[in-house]
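Student: Quick one: this structure, given as structure tokens, is what I'll be asking you about.
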Amino acid sequence: MELFKILKLEFNLLLNRKEFLYAFTVSLFLMIIVFFINLHNFFQEYMMNIPSANQLWVGFDSLIGDLFYMFLLPLLPALAYADTYYLDIKTGAYKSILTRCRKNNYILAKGIVIFVSGFIVVLVPLLINQLLYFIIAPLHSTKNLLGWPAYMFIPTHNMIFESLFLSNPYLYNILYMLLAGLVGSLAALMSYSISFITNKSRLIIVAAPLVIYLVGNFINALLGKANYCLNYYLQGFVVIGGLNADYFFIVLTISFIVSISIIFFKNMTVKDELY
12 MELFKILKLE FNLLLNRKEF LYAFTVSLFL MIIVFFINLH NFFQEYMMNI
62 PSANQLWVGF DSLIGDLFYM FLLPLLPALA YADTYYLDIK TGAYKSILTR
112 CRKNNYILAK GIVIFVSGFI VVLVPLLINQ LLYFIIAPLH STKNLLGWPA
162 YMFIPTHNMI FESLFLSNPY LYNILYMLLA GLVGSLAALM SYSISFITNK
212 SRLIIVAAPL VIYLVGNFIN ALLGKANYCL NYYLQGFVVI GGLNADYFFI
262 VLTISFIVSI SIIFFKNMTV KDELY
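Residue numbers for the sequence shown follow the numbering used here, beginning at 12 and rising by one.
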């Protein structure tokens with residue numbers, strides 16, 4: 012019962028936190044901007060000359076979408092709520108909280124809310140972007156996004172979930188929304204775990220997932236292993252070959268286990284966290 016009360020409190024704090032609102036607004040604003048750019052591009056076009064709504068979705072093939080997945084995806088979820096454990100300690104609120112609830116319940120509840128917050132900041136704007144395209148684009152079209160003739164279908168051989176795309180392209184997009192949301196959740200959880208390691212700087216806690224993400228992608232690209240860059244696994248239309256779903260999910264699993272392990276062991280071994 013205590014855990015549910017703390018969860019309710021943490022969710023209320025999340026929904027009223029300006030950083031969460033800022034992160035969500037930036038993400039949503041970007042998705043709307045992309046929509047209006049395409050609205051302008053296809054204004055007064057015949058419906059038959061407009062690609063299907065699933066191909067116009069920002070996560071399928073879009074320059075702005077690529078920038079979102081490269082830079083904002085690991086940053087906005089961490090900014091939303093992941094630094095609140097650090098702030099609770101720095102402001103002294105941590106001491107007051109632990110007089111009213113068990114530490115384990117507090118840490119678990121905060122971790123759950125942080126994980127969910129990262130999912131919301133990423134998934135909901137992506138979903139809204141897709142829904143907006145239902146207003147201006149057909150569900151199915153002989154016109155493809157690459158501008159090729161109708162008898163030429165866009166290449167799908169590099170897609171990890173090729174059969175799903177061919178059978179149900181909208182379910183395919185939803186899957187990629189969920190994957191992006193999951194990465195956002197893990198970025199937030201990683202940021203939360205960093206706050207158990209250091210209390211030196213709020214910037215370090217918030218920026219850590221972005222730095223790790225960018226450095227990992229840069230090193231793989233530098234070594235000629237672009238198929239190991241995580242951002243390519245989040246884009247619906249894949250331009251490089253050699254992507255391996257097992258690798259992607261292993262990386263996510265390791266990230267989750269490492270983050271949870273840090274939180275668990277620091278919580279168990281550090282007796283005085285009141286700094």
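Glycine included, each C-beta is placed from N, C-alpha and C at the ideal position. Keep in mind it's a predicted model, so treat the numbers as computed, not measured.
1. In whole angstroms, give me the CA-to-CA distance for Leu119 and Ile215.
2. Taking 8 Å as the line, does the beta carbon of Asn116 fall inside it for any heavy atom of the ligand NAP?
3. Hey, would you say Asn179 sits closer than 9 Å to Leu254, going by beta carbons?
4. I need the straight-line Cα distance from Ala89 to Tyr57, nearest angstrom please.
5. Check Glu56 in the structure and name its three-state DSSP category.
6. To the nearest angstrom, report how far apart Phe288 and Ile75 are at their CA atoms.
7. Alpha carbons only, please: which of Ile251, Ile139, Thr102 and Thr167 is nearest the one belonging to Met43?
8. Could you check how far apart the C-beta atoms of Tyr258 and Pro85 are, in whole angstroms? I think they sit under 8 Å.
9. When you compare each of Thr102, Gly122 and Leu156 to Met201 by their alpha carbons, which one comes out closest?
10. Quick one: grab the DSSP three-state call for Asn140.
11. Quick one, are the C-beta atoms of Phe172 and Leu186 less than 9 Å apart?
12. Going by CA-CA distance only, name the one from Tyr144, Val132, Thr102 and Tyr239 that's closest to Asn52.
13. Decide if Glu21 is buried, meaning its Cβ has at least 16 other Cβ atoms within 10 Å, or exposed.
14. Which term fits Ile268, buried or exposed, when burial requires 16 or more other beta carbons within 10 angstroms of its beta carbon?
15. Under 9 Å between the Cβ atoms of Pro149 and Ser73?
16. Classify Phe164 as helix, strand or coil using the three-state DSSP reduction.
17. Give a yes or no on whether the C-beta atoms belonging to Leu241 and Val262 are separated by under 9 Å.
18. Tell me the rounded alpha-carbon separation between Phe231 and Tyr243.
Tutor: Here's the rundown:
1. Rounded to the nearest angstrom, the two C-alpha atoms are 22 Å apart.
2. In the structure shown, the ligand NAP is absent, as is every other ligand, since no ligand is present at all.
3. No.
4. If I take the Cα positions, the gap works out to 42 Å.
5. Three-state DSSP puts Glu56 in coil, outside helix and strand.
6. Shown here, the chain extends from 12 to 286; a query on residue 288 therefore has no answer.
7. Contrary to the premise, residue 43 reads as Ile rather than Met in this sequence. For Ile43, the nearest C-alpha among the options comes from Ile139.
8. So it is not a contact: roughly 18 Å between Cβ atoms.
9. Nearest to Met201 by alpha-carbon distance, out of Thr102, Gly122 and Leu156, is Gly122.
10. It is helical.
11. Taking 9 Å as the Cβ cut-off, Phe172 and Leu186 qualify as a contacting pair.
12. Closest option to Asn52, Cα to Cα, is Tyr144.
13. Answer is buried; the Cβ neighbour count reaches 16.
14. Its Cβ having fewer than 16 others within 10 Å, Ile268 is exposed.
15. No, the pair does not count as a contact, with Cβ atoms beyond the cut-off.
16. Correct three-state label for Phe164: coil.
17. Yes, they are a contact pair.
18. Looking at the sequence itself, residue 231 is Asn, so the reference to Phe does not match. One C-alpha to the other measures close to 12 Å.
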